[in-house]
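Down below is the structure, laid out as structure tokens.
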Amino acid sequence: MTIFYNETTTWADYLGTKQKFWNDFMAAGLFYVLGNWVKNGCQDSYDEVVKMVVEFHE
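Numbered according to the numbering used here, the sequence shown spans residues 24 to 81.
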């Protein structure tokens with residue numbers, strides 16, 4: 024995730040610890056979404072879930 028955000032985000036206001044915590048926060052959200060997807064029986068396709076997560080960042 025760090026690589027993704029380094030390539031897609033301007034970190035002007037997110038230096039040092041703030042940048043690290045942003046990455047931690049987003050990783051936790053992704054983990055939670057995927058965990059719930061599995062817990063609920065993977066009713067949406069993997070590609071649909073990935074598309075939704077990407078759209079959250081647009």
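Just so you know, even glycine gets a beta-carbon here, dropped at the ideal spot from N, CA and C.
> So is the beta-carbon of Gly39 under 7 Å away from any non-hydrogen atom of the ligand GTP?
Replying inline: Ligands displayed in this structure: none; no statement on the ligand GTP is therefore possible.
>> Can you list, in chain order, the residues of its chain with a C-beta nearer than 6 Å to that of Trp45? Leave out the 5 residues immediately preceding and following it.
In response: The residue given as residue 45 occupies position 22 in the sequence shown. Only Tyr37 meet the Cβ criterion.
> For Asn29, which three-state DSSP category applies?
Replying inline: For the purposes of this step, residue 29 is identified with residue 6 of the sequence shown, where counting begins at 1. In the structure shown, Asn29 falls within a helical segment according to DSSP collapsed to helix, strand and coil.
>> Can you give me the C-alpha to C-alpha distance between Asp67 and Ala51, rounded to a whole angstrom?
In response: As a working note, residue 67 is residue 44 in the sequence shown. As a working note, residue 51 is residue 28 in the sequence shown. Roughly 20 Å separates the two Cα atoms.
> Of the choices Ala35, Tyr28, Phe79, whose alpha-carbon is the least far from that of Val56?
Replying inline: By one-based count along the sequence shown, residue 56 stands at place 33. Comparing C-alpha distances from Val56 to each of Ala35, Tyr28, Phe79 shows the shortest one belongs to Phe79.
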